[in-house]
Amino acid sequence: MDLPFHVASHVDLALRAAANRLGLAERGFQPEVRVADPAHGDFQANGALAFAKREKQNPRAVAQQIVDALDADTQAAFDIALAGPGFINFRLKPAALLAWLGRYDSEEHLHTGASSAHAQQTWVVDYSSPNTAKQMHVGHLRSAVIGEAICRLLAFTGARVIRDNHLGDWGTQFGKLIYGYKRWADPAALATDAIEELERLYKLGNNATPEGSPALDEARAELVKLQNGDPENVALWQKFSEVSLAAFQQIYDRLGITFDHNLGESFYNDKVDRVYRELTETGLAENSNGALVVFHDEHPRFSRNAERPNPFMVRKADGASGYASTDLATALYRTEHFKADGIVVVTDFRQGDHFEQLFLTVKKWFAAKNYRLPELHHVTFGAVTGEDGKALKTRSGDVIKLKALLDEAEDRAFALVTEKSPEFPETERRDIARAVGIGAVQYADLSQNRSSNYVFSWDKMLALDGNTAPYLLYAVARVRSIFRKAGLDPAQPPTAGASAPETPQELALARKLVQFSDAVQLATNQLRPHFLGLYLYELAGAYSAFYAADKVIVDDPAVRARRLLLCHRTLIVLETGLHLLGLRTLERM
RNA sequence: GUCCCCGUAGCUCAGCUGGAUAGAGCAGCGGUUUUCUAAACCGCUGGUCGCGUGUUCGAGUCACGCCGGGGACGCCA
62 MDLPFHVASH VDLALRAAAN RLGLAERGFQ PEVRVADPAH GDFQANGALA
112 FAKREKQNPR AVAQQIVDAL DADTQAAFDI ALAGPGFINF RLKPAALLAW
162 LGRYDSEEHL HTGASSAHAQ QTWVVDYSSP NTAKQMHVGH LRSAVIGEAI
212 CRLLAFTGAR VIRDNHLGDW GTQFGKLIYG YKRWADPAAL ATDAIEELER
262 LYKLGNNATP EGSPALDEAR AELVKLQNGD PENVALWQKF SEVSLAAFQQ
312 IYDRLGITFD HNLGESFYND KVDRVYRELT ETGLAENSNG ALVVFHDEHP
362 RFSRNAERPN PFMVRKADGA SGYASTDLAT ALYRTEHFKA DGIVVVTDFR
412 QGDHFEQLFL TVKKWFAAKN YRLPELHHVT FGAVTGEDGK ALKTRSGDVI
462 KLKALLDEAE DRAFALVTEK SPEFPETERR DIARAVGIGA VQYADLSQNR
512 SSNYVFSWDK MLALDGNTAP YLLYAVARVR SIFRKAGLDP AQPPTAGASA
562 PETPQELALA RKLVQFSDAV QLATNQLRPH FLGLYLYELA GAYSAFYAAD
612 KVIVDDPAVR ARRLLLCHRT LIVLETGLHL LGLRTLERM
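Below, the structure written as structure tokens:
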């Protein structure tokens, strides 16, 4: 039989069919299939327990009944056993493992297998989103890294993904920047490191315009001129944006990120009037102290009756738009223009309230106007701290620039590569250092549950053991090394005549490989890339154990072919998975 | 005051819609290489899952209440 990519869903369907034949389905039987502890099997179904309890029957008897009613193909593919109070354990037989591995033999076929989950869907992912005229710093790292991984996971599972960089390119800071620029801009500095110079000019402008000073009035006048379309200031603002994007792109190139759009806040300037109008005419928004706000009275936090009311500020009392209004306009634009089925916004957890209010408002607004409502997800993440638990800073207390952080990662990785593989030519060591260093920084973010804070530690992320990028990249290099030494092309492994996995390490590795589909599904459904990272770590561990126990290049052709097959499938799954997380893989290291 | 996130081994962290004996890495102790990358592998040691009550056949996971850390709370984003 042909097992599908996602074997757990086959088990689920087979159990449902069996329950249906027994008439249990209409009484509410749910299989409850999940990946099992390897001690028990590959998958387990727990549904008989709850069902039997509800029906006041013996759970083991119910489970046995269902097992007996399973179709012949499923019975043939799995060793099936009852255990404990009524668990049904499924263990893929070696032949079935081999059949699955035979079918999913390339990154492309893995993608085909996974792509039904979000087929025909469009997802807009809003991530990174730095402010223009400033350098990206360490605080921008997580959104970029996590957001990119989520994009790749969604695309791998079949979605059309639109990467949208929602730049902070509009706001009061531009008055002060223009004020500073017009007085102190240094053309030479602008030519060499424009963004550095813009930061300097903003600081000068900010320091020169204290509260209540005439200079502040001048800066505000510059902002008003910009907002009213003054050609000189608009040209300056455009220059700031271009310079900023060019600087950001240098970072994005190193992280493997390419945005489809850079629709910043300024893009929505002319789209907020419609938001005001529709929220007012639908009665969702109201005037409060001169501002246009939305309350959500059903929600204790956002009710007008809350002890400290926290309304959603759609328009400020002075008539200016805030980010609530641009975010509302953004949600509408993504729905209407991109036809988004899902919208994902990746920001840190401190903006949780804002997005909760935003989504509540969008739901009511779209319902009132009869607009189609996409899935809305706010993907949050915790803070990055130093090993002292405090915000990450340089020794002198400054914010760490992202460029400097990535440079240091590469430098440290280069020192490691040079220590471990001094015989490699320097250009190759530099290249390896880029993949290992940047990958270590990315993977440190991705290997951990994004909800918690994470402690930034060079030693941990560059460690050669544990759940780190170097360990995973090393596993890839070891697989490739076997093919290289044997003079074989890993793109065309000689796996014909492979026998089914046999040794404990072969079986454990084969089982792990089949579970790739579960890891992808879990990581994508929950928008939590660390589930995939954890899986890859376990896979690399299973491979290392196999590597130590079972020699691949042996004389027996059937054994050699099956071990090469396992090596090859490990290679494509590891590489596919690492690429999904945004890492670059290596030939050797 | 209201709400959100976090609290699991000495340290850093996994633990998915409640499931079987709570798992890794580091640190500590002990092994493995005439054999495909030892940047590896294997074993041992290490836990009142912050505390309490409840729901359940079953709770690290759910509910409620405390304790501790971080955060948000009207015109910044």
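To convert a position in the first sequence, counted from 1, into the numbering used here, add 61.
Ideal Cβ placement from N, Cα and C applies to all residues, glycine included.
Beta-carbon spacing of residue i, residue j below 8 Å
i, j, result
"Tyr504", "Gly638", "no"
"Leu214", "Asp506", "no"
"Gly241", "Leu262", "yes"
"Val94", "Ala111", "no"
"His198", "Ile461", "yes"
"Leu642", "Ala210", "yes"
"Leu238", "Val405", "no"
"Val537", "Glu471", "no"
"Val497", "Met650", "yes"
"Asp103", "Leu171", "no"
"Ser176", "Thr218", "yes"
"Arg623", "Ser542", "no"
"Asp358", "Asn366", "yes"
"Ala113", "Gly145", "no"
"Tyr329", "Thr408", "no"
"Asn707", "Leu297", "What the structure shows of the chain is the stretch from 62 to 650, and residue 707 is not part of that stretch, so it cannot be assessed."
"Ser302", "Thr193", "yes"
"Ala569", "Ala603", "yes"
"Phe373", "Asn226", "no"
"His591", "Asn510", "yes"
"Val375", "Tyr337", "yes"
"Leu251", "Glu258", "yes"
"Asp441", "Gly413", "Note that residue 441 is Thr in the sequence shown, not Asp. The answer is yes: Cβ separation under 8 Å."
Local conformation of residue i per DSSP, three classes
i, result
"Pro617", "As written in the sequence, residue 617 is Asp, which differs from the Pro given in the question. Reduced to three states, the DSSP call for Asp617 is coil."
"Ile48", "Residue 48 falls outside the range modelled here, since the chain spans only 62 to 650, and no answer is possible."
"Glu417", "helix"
"Val460", "coil"
"Trp231", "coil"
"Gln105", "strand"
"Leu7", "It is not possible to answer for residue 7, since the shown part of the chain is limited to 62 through 650."
"His398", "coil"
"Asp492", "helix"
"Tyr515", "strand"
"Asn718", "Lying outside 62 to 650, the shown extent of the chain, residue 718 is not represented and no answer is given."
"Ala485", "For the sequence presented, residue 485 should be read as Phe rather than Ala. Of the three classes helix, strand and coil, the one that applies to Phe485 here is coil, per DSSP."
"Leu284", "helix"
"Thr479", "helix"
"Ala561", "coil"
"Asn431", "coil"
"Ala97", "coil"
"Thr659", "Within the shown structure, residues of the chain are numbered from 62 to 650, placing residue 659 beyond reach of any answer."
"Ala452", "strand"
"Thr173", "helix"
"Arg649", "coil"
"Thr422", "helix"
"Arg589", "coil"
"Phe577", "helix"
"Thr529", "coil"
"Tyr165", "coil"
Bridge-paired residues (DSSP) for residue i
i, result
"Leu437", "Ile404"
"His179", "Paired residues: none, contrary to the question."
"Asp187", "Asp225 and Val406"
"His198", "Lys462"
"Asp140", "Arg152"
"Asn192", "Gly229"
Distance cut-off 7 Å: residue i Cβ against heavy atoms of the ligand MN
i, result
"Thr422", "For the ligand MN, the structure offers nothing, since it holds no ligand at all."
* Asked: Which ranges would you report for the alpha helix (DSSP H) in the region 314-381 if only whole runs of at least 4 residues count?
  -> If we require 4 residues or more, the alpha helix (DSSP H) runs fully inside the region 314-381 come out as 333-342.
Notebook entry, point to check: Pairing CB atoms from the region 512-529 with CB atoms from the region 539-554, are three or more of them under 8 Å?
Noted result: Output reads no: the region 539-554 does not touch the region 512-529.
inquiry  = If we require 4 or more residues per run, which alpha helix (DSSP H) segments fall completely within the region 597-647?
reply    = Counting only runs of 4 or more, we get 618-641.
Stretch-stretch touch, CB-based, cutoff 8 Å, three pairs: the region 212-230 with the region 337-352: No, because fewer than three Cβ pairs between the region 212-230 and the region 337-352 fall closer than 8 Å, the two stretches do not touch.
Count the C-beta pairs between the region 120-127 and the region 75-84 that are closer than 8 Å, then say yes if the count reaches three, no if not. As far as the Cβ criterion goes, the region 120-127 touches the region 75-84, which means the pair count is three or higher.
So does the region 440-452 actually touch the region 508-517, counting three or more Cβ pairs closer than 8 Å? Enough Cβ pairs lie closer than 8 Å, so yes.
With a cut-off of 8 Å, do at least 3 Cβ pairs link the region 413-429 to the region 173-189? Fewer than three pairs of CB atoms, one per stretch, sit closer than 8 Å, so the region 413-429 makes no contact with the region 173-189.
Taking contact to mean 3 or more Cβ pairs, one atom from each stretch, closer than 8 Å, check whether the region 277-288 and the region 310-325 are in contact.
Because the criterion of three Cβ pairs below 8 Å is not met, the region 277-288 and the region 310-325 do not touch.
Item to check | Secondary structure, alpha helix (DSSP H): runs of 4+ residues fully inside the region 217-281 | outcome: Entirely contained in the region 217-281, the alpha helix (DSSP H) runs reaching 4 residues are, in chain order, 234-245, 248-253 and 255-269.
(Q) At 3 residues or longer, what runs of the beta strand (DSSP E) sit wholly inside the region 104-137? (A) If we require 3 residues or more, the beta strand (DSSP E) runs fully inside the region 104-137 come out as 104-106.
Does the structure place the region 566-585 close enough to the region 150-165 that three or more beta carbon pairs sit under 8 Å? Touching, per the Cβ criterion.
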